[in-house]
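First the structure, in the form of structure tokens, and then the observations on it.
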Amino acid sequence: MVRNVDICASFTIPIALSGWQDMGVSILVFAAALAGAQPPDAAYEPLARAYEALRTRDYDTAIPAFLKAVEAAPQRASIRNDLAFAYLKTGENERAREQFEEALRLTPEDTQLALDYAFLCYETKHQVEARRIFDRLRQTAEVPFRATAEQAFRNIDAPLAAGIERWRTAIASGADNFSAHFELATLAEQRDELELAADHYERAWRILPDRRSVLVALGRVWTQLHRQDDANAALLAASRGGEPRAAEMARELLPDRYPFVPEFRAALHFDPANIELRRELGFLLLRMERPLEAEQEFRIVTDTAPGDLLAATQLGFLLYARGDQASAQPLFDRVLAGNDEDLANRVRAVLRLPQVLTPRPDVPPASVDAMLMADRSIQAGFIKDAVKYLRIAHEGEPGDFRIMFKLGWAYNILHQDVDAGRWFELARHSPDLKIATEASRAWRNLRSGASRFRTTAWLYPVFSTRWHDLFSYGQVKTDMRTGLPIRPYVSMRFVGDTRQTIGAAAPQYLSESSFILGIGIATTPWHGIMGWAEAGSAMSYLTGHMLPDYRGGLSMTRNFGATLDGEYSGWFVGSSTDAVFLSRFNNDFLFYQQTRLGYAIGPGLLRAQLHWNVNLTADSKRQRWANFIEVGPGIRFRLSFLPPSMFVSFDTLSGGYLIHESGNRPNFRDFRAGLWYAFTH
């Protein structure tokens, strides 16, 4: 049972070997692959760092490394796919979806990737995209995937169809109100009934014109219907006046240029009561030296909204300039009687009247406006603009640690880690405990990704009813980044038990009862494959004797599906295959293959994986104790308030020896309870 815990307990996955010969062939294949693993391009070094970090579940290091690899090889879908799964393990589902989307764009023929992306779209409330992908796959995918896509499509489509019919019936029965039309339009858009959606979005907006967000939805649907002129008119109307968030959303969908005069006129034809839009058109016409047209627009504004002093001032100036002082004077009087002293003094300057200087209330610092614009830019996803506004805010409030932290966050999103680290370093000295804590964690994560030395530690105590003993395994290892696909390290392992079983029939199987000090070298993981070699000394804590200890091996791991630290339920499979040489076991080669297949449930306070174990152990010397197979159910779980890398496991196993000896029982049963914990510094 000690087998590989002190050697590869931190590895978990991939290939179930069908037998003894398959295992030998696989090991040779792994060795050949490892021997040929040379840095292929600029993405190799960050990828190696990312996969090494994933091995220890150090996602804060893995994700920045994956992002650097994406920059180096933006057309490589596999990198984005692995980055997406790393994001999923940290709960950043939106970013995971974005990476899956880009990976699918690069490899549209990848059916499994398409399914993963579709399910994540559904979980992140992008039901339209999910439904479209499931619809395509249920018609074009191979048989194993087609059934899954068909069921998923029905699960989405059936409620939408029922909801559309329900709202249609309600409207036909007299429910001609905003909610009825908006709900019907929303369901129709999700079901790709775009003509129906456009019709009812427009009806809903006509009932409540102040709901500019409905105009955004209408413009989005018209764009999909290739009614681009209509779409631009609706979006331009939504981008001026009304709800600030709707305006930001509309600007994201509009062309990346300033609108033309005909586009303003089309938007006003669609939304003639939009005062802000009409006033802006008036000023545009002035800049184009078309004063008569501008005068017409300002006149409509002043007639429709008498309280709009800016339009009244400009219209008065236009009338006064062409000699119509009689028509301009009532407008000037309106401005002079208003509460805008700046506009009033501009009117007084034209009329050659004395300026009026009145005490002004305290004006908020420019940093307040800059922070407001920065927050809006962040909400809209314009991170570069957010940085610009945050720098302005920092100049106005150089002691505001909240601004420093946001600057660090923004630079980190832009992958400018040097600048991000500098701002996080400043923010971690904040007197606000929350800001200081978050900034310190971010600063350490950025620093560890670029640090030369890294220390990892893990501990795994496990109780076995078969041996009526508590075994403990652990390791502390410090390795060094060399810039090459290898990392030298120093290590201290511990392998022991409470009953001090030295002298038993197979002591090496139970416990080495030693501290093992060694130096070694390990390759960076490559497609889940890692090689390592170590030389050192084992010191028995029972006898005090020291013995030479040489060990090394090859490991391969894979995990698919829902993870223990993820947020969604689902099936998973995990496998680990290891070939290990141990000098203290009479120069023996040991082979381990462990596979778990099961279902993850959660999230919440308790996250668990229910699974079935299939474990195979064999050795080159054909010793009975080292050749057996185990099968049985198990559960692993973690609590939300515990560290992400800590979990508890329970397994009930039935085993059988592959080599039979007279007088020895061929079969055994075992119940094991263990606790795993690891961390990286």
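Under the working numbering, the sequence shown has 344 at position 362, and the numbering climbs by one with no breaks.
Where is the CB? At the ideal position from N, CA and C, for every residue including glycine.
Between Ser565 and Asp531, the beta carbon gap of about 6 Å places them in contact (Cβ cut-off 8 Å). Distance from the CA of Thr168 to the CA of Arg227, rounded to the nearest whole angstrom, comes to 19 Å. Shown here for Glu177: same chain residues with a beta carbon closer than 8 Å to its own, the five before and five after excluded, namely Leu207 in chain order. The region 245 to 264 and the region 213 to 228 touch, with three or more beta-carbon pairs separated by less than 8 Å. The three-state reading of DSSP puts Ser422 in helix, counting H, G and I together.
DSSP lists no bridge partner for Met386.
Look at Ala520 here: in three-state DSSP terms it is strand. Membership of Thr168 in the alpha helix (DSSP H) is indicated by the continuous run Phe160 to Gln172. Note that the C-beta distance between Ala249 and Pro241 is below 9 Å.
Ranked by how close their Cα comes to the Cα of His593, the residues Leu587, Arg578 and Gln605 have Arg578 in first place. Of the residues Ala51, Arg316, Arg87 and Thr43, the one whose Cα lies closest to the Cα of Pro28 is Ala51. For Phe573, the uninterrupted beta strand (DSSP E) run begins and ends at Asp570 to Ile583, by DSSP. Buried is the label assigned to His376, since at least 16 other Cβ atoms lie within 10 Å of its Cβ. In this structure, Ala199 lies near Glu171, with their beta-carbon atoms less than 9 Å apart. A contact is defined here as three or more CB-CB pairs under 8 Å, and the region 146 to 153 fails this definition with respect to the region 128 to 138. Asp192 carries a coil assignment under DSSP once its states are collapsed to helix, strand and coil. Using a C-beta cut-off of 8 Å, the region 634 to 652 makes contact with the region 447 to 459, since at least three inter-stretch Cβ pairs fall below that distance. When secondary structure is reduced to three states using DSSP, Ser412 falls in the coil class, being assigned neither helix nor strand. The beta-bridge partner set that DSSP reports for Lys459 consists of Thr438 and Ser473. In the same chain as Ala47, and ignoring 5 residues on each side of it, the C-beta atoms closer than 6 Å to its own belong to Pro28, Arg31 and Ala32, in chain order.
Comparing C-alpha distances from Asp461 to each of Phe453, Met474 and Ser454 shows the shortest one belongs to Met474. His593 carries a strand assignment under DSSP once its states are collapsed to helix, strand and coil. Looking from the CA of Met538, the closest CA among Leu546, Arg384, Trp514 and Arg589 belongs to Trp514.
The C-alpha of Gln398 lies about 40 Å from the C-alpha of Asp174.
Here DSSP, grouped into helix, strand and coil, assigns Glu612 to strand. Distance from the Cα of Val332 is smallest, within the candidate group Ala356, Phe299 and Asn321, for Phe299. Taken in chain order, the complete alpha helix (DSSP H) segments of 4 residues or longer contained in the region 13 to 78 are 26 to 37, 41 to 54 and 59 to 71. In this structure, Tyr523 places its C-beta atom within 9 Å of the C-beta atom of Phe497. In this structure, Phe629 is the residue among Phe629, Glu379 and Leu389 with its C-alpha nearest to the C-alpha of Ala660.
Looking at the backbone, the Cα of Leu452 and that of Tyr99 are separated by about 43 Å. Going by C-alpha positions, Phe610 is about 20 Å away from Ala655.
Cβ-Cβ distances below 6 Å link Phe387 to Ala409, Ile417 and Ala421 in the same chain, with the five nearest sequence neighbours on each side left out; the list follows chain order. For Val243, the closest C-alpha among the options Ala229, Glu279, Met231 and Glu379 is that of Glu279.
In the DSSP assignment, Leu529 falls within the beta strand (DSSP E) that extends over Met528 to Gly543.
Per DSSP, Trp449 lies in no alpha helix (DSSP H) segment and is marked neither H nor E. Met512 carries a strand assignment under DSSP once its states are collapsed to helix, strand and coil.
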